[in-house]
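In this text, residue positions in the sequence shown follow numbering that gives the first Met the number 0: the first is 0, and each later residue adds one. Ideal placement from N, C-alpha and C gives every residue a C-beta, glycine not left out. Given the structure is predicted, the values throughout are model-derived calculations rather than measurements. Worksheet: one structure, shown below.
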Amino acid sequence: MIREEAILREFNLYPLWQRREQDQSILEQVTATVQPATEQVASKSVVEKADMQNLDSYNWPELQALVKNCTACKLRASCTQTVFGMGDVRADWLFVGEWPGMDEDAQGEPFVGQSGKLLDNMLAAIKLKRGHNVYITNFVKCYPSGNRTPEANEIAQCGPYLERQIQLIQPKLIVALGETAALLLGYGAALSGMRGKLHHYCGSPTHTLVKGIPLIITHHPAYLLHTPLKKAEAWDDLCLAVATMQGLG
Ligand code: URA
């Protein structure tokens with residue numbers, strides 16, 4: 000693969016992912032939220048106690064309702080609203096972030112703040128647009144007040160929600176943004192040892208449809224905002240993601 004600078008110069012995106020006027024207007028034209036195509040409705044009572052180990056029977060609206068009314072950990076008590084995710088529910092591409100920030104908490108959508116702007120530019124760099132064959136969500140669905148790192152048990156409580164989202168979307172490829180999102184691997188490790196290679200999502204053993212989905216781990220956009228020199232590594236990871244997707248045919 001050609002090195003990142005050459006590609007980025009060719010895409011007129013150098014220095015890396017700096018927003019151009021033209022990109023701005025393209026992104027503004029995007030209809031961000033694509034509703035589920037089916038006419039499914041939430042038929043389960045939201046007060047029904049969910050079996051958190053088995054959300055297999057939950058359809059999309061039921062899962063949304065379940066997350067919206069979740070009180071499984073203390074995060075919900077201090078956030079404004081849950082942030083379920085947004086985009087094309089039949090997307091080939093699934094981007095998973097860590098947890099909503101203050102902007103996301105206010106708007107109820109993932110990646111709408113500064114890191115979201117960078118994520119949009121990262122998507123544009125590989126010719127993707129939010130909401131178009133792309134679904135974006137977070138591992139944790141509630142804003143942790145003060146933007147603290149969620150505790151292990153808070154992260155764990157949200158795991159089944161993300162797992163069910165993956166089962167329903169059945170993406171062809173998952174891009175995990177940051178170490179918390181990389182927990183999709185089923186274990187935690189330093190991001191430096193996980194990025195730059197192709198992994199596979201394991202999920203629950205009974206779900207053969209999502210088992211083995213290619214999973215690429217890269218830097219979180221918020222980290223890239225503070226550490227711009229790492230953008231080159233993120234670019235390599237995105238190129239790996241594109242090449243992997245192309246290889247899937
Ligand atoms: N950071 C994330 O991981 N997710 C968001 O939605 C916003 C910032």
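- Rounded to whole angstroms, the Cβ separation of HIS206 and LEU184 is 16 angstroms, and the two are not in contact under 8 angstroms.
- Sequence-distant Cβ neighbours of ILE168 in its own chain, meaning closer than 8 angstroms and more than five residues away, are VAL88, ARG89, ALA90, LEU93, TYR134.
- With fewer than 16 neighbouring CB atoms inside 10 Å of its own CB, HIS225 falls in the exposed class.
- Taking 8 angstroms as the cut-off, the beta carbon of ALA240 is found no closer than this to the beta carbon of VAL139.
- Relative to the non-hydrogen atoms of the ligand URA, the Cβ of ASN137 comes within a distance shorter than 7 angstroms of at least one.
- Counting only residues of its own chain and dropping the five nearest sequence neighbours on each side, ASN132 has a CB closer than 7 angstroms to the CB of ASP87, ALA90, ASP91, TRP92.
- A straight line joining the alpha-carbon of SER56 with that of ALA155 spans about 20 angstroms.
- At least 8 angstroms separates the beta-carbon of ALA221 from that of SER77.
- Assignment of LEU197 by DSSP, reduced to helix, strand and coil, places it in the strand class.
- The straight-line gap separating the alpha-carbon atoms of ALA151 and GLY158 is approximately 11 angstroms.
- For GLU97, the shortest separation between its Cβ and any heavy atom of the ligand URA lies below 7 angstroms.
- When the Cα atoms are used, GLU162 and GLY202 turn out to be separated by approximately 7 angstroms.
- Taking the Cα of ILE212 as reference, the smallest distance to any Cα among LEU172, PRO143, GLU103, GLY145 is reached at LEU172.
- Excluding its 5 nearest sequence neighbours in each direction, ASP236 has C-beta neighbours in its own chain below 6 angstroms: ARG194, ILE215, THR217, listed in chain order.
- Annotation for GLU153: CYS72, LEU74 place their beta carbon closer than 6 angstroms to its own, counting only its chain and skipping 5 residues before and after.
- Taking 7 angstroms as the cut-off, one finds at least one heavy atom of the ligand URA near enough to the beta carbon of HIS219.
- SER191 has its CB no nearer than 7 angstroms to any heavy atom of the ligand URA.
- For GLY96, the beta-bridge partners assigned by DSSP are ASN137.
- Annotation: the segment 165 to 227 contains the following complete segments of the beta strand (DSSP E) (minimum length 3 residues), in chain order: 172 to 176, 197 to 200, 212 to 217.
- In the structure shown, LYS67 falls within a helical segment according to DSSP collapsed to helix, strand and coil.
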